[in-house]
Amino acid sequence: MTAAQATATPATAGMPPLTAPPLPREPSGRAWVGRFPTSASVADCAEPFRANLTAFIAAMGAAGASVNVAATLRPPQRAYLMHWCWSIVKQKTDPRSIPPLDGVAIAWAHLDGQGGYDPIASLAAAQEMVEAYGMQALKVAPALQSNHISGTAVDMAISWPGTLSIARRDGQVVHIDSQPRTGMNPDLKAVGATYGVLKFVGGASDMPHWSADGH
Amino acid sequence: MAIDAIAVRRASAAALATATTAAAAALLAACAAPPVPDLATFLERRATCDHFRGEVPDPPDPQRLREVEQGVAAYCTGTDAQLAALRQRYRDDPVVTKQLAQFEDRVEP
Chain A
4 MTAAQATATP ATAGMPPLTA PPLPREPSGR AWVGRFPTSA SVADCAEPFR ANLTAFIAAM
64 GAAGASVNVA ATLRPPQRAY LMHWCWSIVK QKTDPRSIPP LDGVAIAWAH LDGQGGYDPI
124 ASLAAAQEMV EAYGMQALKV APALQSNHIS GTAVDMAISW PGTLSIARRD GQVVHIDSQP
184 RTGMNPDLKA VGATYGVLKF VGGASDMPHW SADGH
Chain B
479 MAIDAIAVRR ASAAALATAT TAAAAALLAA CAAPPVPDLA TFLERRATCD HFRGEVPDPP
539 DPQRLREVEQ GVAAYCTGTD AQLAALRQRY RDDPVVTKQL AQFEDRVEP
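Chains as they are written, first to last, in our numbering: chain A, 4 to 218; chain B, 479 to 587.
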């Protein structure tokens, strides 16, 4: 180091820092689990899927079908919390290595009384979250990306009595008297497709799921 | 001369034993390694797995959670190892490499 460098006064001396101080972070734990809940409102879907789904549900309702929406948007913050608490517990991910997410001021790494990293408390808090989410038996990491997280999917139970006379998007009325009288009906799937609401391509493995692309 | 013959026989026996051991080890390794799956089957299965990974419901919803766990068991189990094996097999194929790049390396415990 030269004498000039040693004696130079930083240009920012005495000035406030240019970057905002980090927000206080709340330690991980059970309290986080009730936040960022899944929505059951079609209004929380992303356009144009929202308009498409609204029109499809209206058509089913007008035809006399019963439609019960169980889930639409799963907030990315929720996905982040679920993914990383599971990963800490099941994959032994170091809580200090978890990337932050805007809008979620969570401290995955807990500190002990001396201000040092406390791995036992960190793991215990993540375990609390896994249990509160009901994910103890889940053998895979919850996804960080999905159609639900993007607001382009819905889980809904559909049923009707007798024959369902329902309008396609183009106004043509289709009379569905085939079985089953649920969302798994192939004729209803075809009607849904005219609205841009596609039944899950995986067959009966996920019966209530519809989305913008069939996934 | 008799001593040389015995030494040769001993050396041959040792070589045979070494070769047998190596062959057995290779056979065991082949049995232990998961078979490389069909690419198309894997792509569909892992996509369905990833679908179920995004379906974990808010608590308490035991029925939906059970459906998701069943889907995970059916479509996710073993796919981390299969993905690694396919990436190795197709490492010189840029098209398949790109297809496989969409998947996370590790989603299982």
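For each residue, glycine too, the CB sits at the ideal point set by N, CA and C.
**Prompt:** By a C-beta neighbour count over all protein chains shown, 10 Å radius and 16 as the cutoff for buried, is A/Y83 buried or exposed?
**Reply:** buried
**Message:** For a contact defined as C-beta to C-beta under 8 angstroms, what are the partners of A/M132 on chain B?
**Reply:** Ordered by position in chain B, no residue passes the 8 angstroms Cβ test against A/M132, which lies about 11 angstroms from the chain.
**Message:** Quick check on DSSP: helix, strand or coil for A/P159?
**Reply:** Looking at the sequence itself, residue 159 of chain A is Met, so the reference to Pro does not match. If DSSP states are grouped into helix, strand and coil, A/M159 belongs with the strands.
**Prompt:** So with Cβ pairs under 8 angstroms, would you call A/V143 a contact of chain B?
**Reply:** yes
**Asked** If you pair each beta-carbon of the region 54 to 67 of chain A with each one of the region 155 to 169 of chain A, do three or more pairs fall below 8 angstroms?
**Response** yes
**Asked** When the Cα atoms are used, what is the spatial distance from B/Q560 to B/P515?
**Response** 7 angstroms
**DSSP state of A/L84 mapped onto helix, strand, coil** = helix
**Where A/D209 meets chain B, residues with beta-carbon distance less than 9 angstroms** = T526, H529, F530, E533, E545, V546, G549
**Item:** Short CB-CB distance (under 8 angstroms) between A/K192 and chain B
**Value:** no
**Neighbour flag for B/D571 against chain A, beta carbons, 8 angstroms** = Output row for B/D571: interface = no.
**Request:** Determine contact between the region 130 to 150 of chain A and the region 26 to 43 of chain A, defined as no fewer than three beta-carbon pairs at a distance below 8 angstroms.
**Result:** yes
**Request:** Could you tell me which residues DSSP pairs with A/E29 in its beta bridges?
**Result:** A/I109
**Message:** Is it buried or exposed, A/P79, if we count other Cβ atoms within 10 angstroms and call 16 or more buried?
**Reply:** buried
**Request:** With DSSP as the reference, please indicate the residues paired to A/N71 in a beta bridge.
**Result:** Paired residues: A/A160.
**Asked** Using a Cβ-Cβ distance under 8 angstroms, would A/I152 count as near chain B?
**Response** Yes, A/I152 counts as interfacial toward chain B.
**Prompt:** Which value, in whole angstroms, describes the spacing of the CA atoms of B/Y553 and A/I60?
**Reply:** 30 angstroms
**Three-pair Cβ contact test at 8 angstroms for the region 567 to 587 of chain B versus the region 536 to 548 of chain B** = Contact between the region 567 to 587 of chain B and the region 536 to 548 of chain B is absent: fewer than three C-beta pairs spanning the two stretches fall below 8 angstroms.
**Request:** Compare the C-beta of A/H218 with all C-beta atoms of chain B and state if any pair is closer than 8 angstroms.
**Result:** yes
**Request:** Only counting runs of 3 or more residues, tell me where the beta strand (DSSP E) segments fall wholly within the region 532 to 572 of chain B, in order along the chain.
**Result:** none
**Neighbour list for A/S149 in chain B, Cβ cutoff strictly below 9 angstroms** = D528, H529, R531, G532, E533
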